[in-house]
Amino acid sequence: MRDHEQPPADPRLLAALAKADLDELVTRLLGLARKKMCRLWKGLPPSGETPEDVVQKAFHQALSGVRKFPEGNIDLYVFFVMVVRSLISHLAEKEENRCPHTPIEESADLLIDGKYSQREPQLAAAEDVARVLRDYAADKLMTNYILLLIEEQCRNAAEYAHALGVTIAAIYNMNRRLARYRDRQRRENETDR
Numbered sequence: 121m122r123d124h125e126q127p128p129a130d131p132r133l134l135a136a137l138a139k140a141d142l143d144e145l146v147t148r149l150l151g152l153a154r155k156k157m158c159r160l161w162k163g164l165p166p167s168g169e170t171p172e173d174v175v176q177k178a179f180h181q182a183l184s185g186v187r188k189f190p191e192g193n194i195d196l197y198v199f200f201v202m203v204v205r206s207l208i209s210h211l212a213e214k215e216e217n218r219c220p221h222t223p224i225e226e227s228a229d230l231l232i233d234g235k236y237s238q239r240e241p242q243l244a245a246a247e248d249v250a251r252v253l254r255d256y257a258a259d260k261l262m263t264n265y266i267l268l269l270i271e272e273q274c275r276n277a278a279e280y281a282h283a284l285g286v287t288i289a290a291i292y293n294m295n296r297r298l299a300r301y302r303d304r305q306r307r308e309n310e311t312d313r
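Here our numbering is used: the first residue of the sequence shown is 121, the next is one more, and so on.
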């Protein structure tokens with residue numbers, strides 16, 4: 121093999137990818153990357169990498185052999201989660217990403233918009249909704265349920281169950297998942313302060 125040639129991709133990795141639902145895998149990895157990046161930088165890092173960039177780099181490194189697919193019976197998703205977390209960790213170590221910056225456009229809007237302080241609760245609520253939808257992006261049923269909750273189209277669990285084509289017990293389970301999610305977010309916000 122010449123110096124400029126890439127080693128062939130690991131056949132075990134290729135076999136696992138061939139069996140996997142790649143759309144679901146990528147969606148879950150994007151959700152993870154968004155969540156981690158939002159937690160670290162409240163959005164994108166100052167260097168401008170996006171969750172899509174991180175996931176793409178994870179696949180590139182795995183297929184090029186930079187990241188070795190482990191021996192043994194490891195789940196493909198778990199392998200890519202480790203790679204994505206590692207890449208985000210490396211992003212956080214870069215000097216330019218260590219402190220958050222406010223984009224110029226955002227600063228200008230704050231200076232020009234005298235109503236900003238009145239809009240602040242609305243912006244925070246919209247950001248919370250967007251974060252919940254991002255975190256549950258891989259779960260289409262939960263995403264649809266959250267959208268119904270936001271739009272307040274139904275009056276009770278039976279109507280939500282009918283609208284989504286699920287049982288009332290499933291609605292109660294989704295409510296419990298959302299309650300746990302809110303508690304986890306509240307605890308994380310308290311530790312960030």
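For every residue, glycine included, the Cβ atom is placed at its ideal position computed from N, Cα and C.
Nothing here was measured: the structure is a model prediction, and the numbers come from that model.
Cβ neighbours of residue i in the same chain (closer than 8 Å, five flanking residues each side left out)
{"i": "Arg132", "result": "Phe189"}
Burial state of residue i, where buried means 16 or more other Cβ atoms lie within 10 Å
{"i": "Arg148", "result": "buried"}
{"i": "Lys156", "result": "buried"}
{"i": "Asp312", "result": "exposed"}
Identity of the residue in the options nearest residue i by Cα
{"i": "Asn193", "options": "Val201, Gly163, Ala136", "result": "Ala136"}
{"i": "Asp303", "options": "Ile270, Val252, Leu284", "result": "Val252"}
{"i": "Lys260", "options": "Met157, Val201, Val286", "result": "Val286"}
{"i": "Asn295", "options": "Asn264, Glu213, Ala250, Leu164", "result": "Asn264"}
{"i": "Leu142", "options": "Gln181, Asp173, Glu191, Phe200", "result": "Phe200"}
{"i": "Lys177", "options": "Glu191, Arg275, Val146", "result": "Val146"}
{"i": "Asp255", "options": "Ser209, Gln181, Met202, Gln305", "result": "Gln305"}
{"i": "Lys214", "options": "Ile270, Leu134, Ser167", "result": "Ser167"}
{"i": "Val249", "options": "Asn276, Tyr301, Arg307", "result": "Tyr301"}
{"i": "Asn293", "options": "Glu247, Phe179, Ala138, Met262", "result": "Met262"}
Check whether residue i and residue j have beta carbons under 8 Å apart
{"i": "Arg154", "j": "Pro171", "result": "yes"}
{"i": "Ala281", "j": "Ile291", "result": "yes"}
{"i": "Val204", "j": "Leu152", "result": "yes"}
{"i": "Ala129", "j": "Leu183", "result": "yes"}
{"i": "Glu144", "j": "Ala258", "result": "yes"}
{"i": "Ile288", "j": "Ala299", "result": "no"}
{"i": "Pro165", "j": "Leu211", "result": "yes"}
Cβ neighbours of residue i in the same chain (closer than 6 Å, five flanking residues each side left out)
{"i": "Leu150", "result": "Pro171, Val175"}
{"i": "Ala140", "result": "Leu196"}
{"i": "Asn309", "result": "none"}
C-beta neighbour in chain C for residue i, strict 8 Å
{"i": "Asn309", "result": "Looking at the structure shown, chain C is missing, and only one protein chain is on hand."}
Chain-order list of residues whose beta-carbon lies under 7 Å from that of residue i (same chain, five-residue window excluded)
{"i": "Glu169", "result": "Leu211"}
{"i": "Cys274", "result": "Leu268, Tyr280, Ala283"}
{"i": "Asp173", "result": "none"}
{"i": "Ile270", "result": "Val249"}
heavy atom of the ligand ATP below 7 Å from residue i C-beta
{"i": "Leu150", "result": "As for the ligand ATP, it is missing from this structure, which has no ligand bound."}
Give the list of continuous beta strand (DSSP E) stretches no shorter than 3 residues that lie fully inside the stretch 144 to 227.
none
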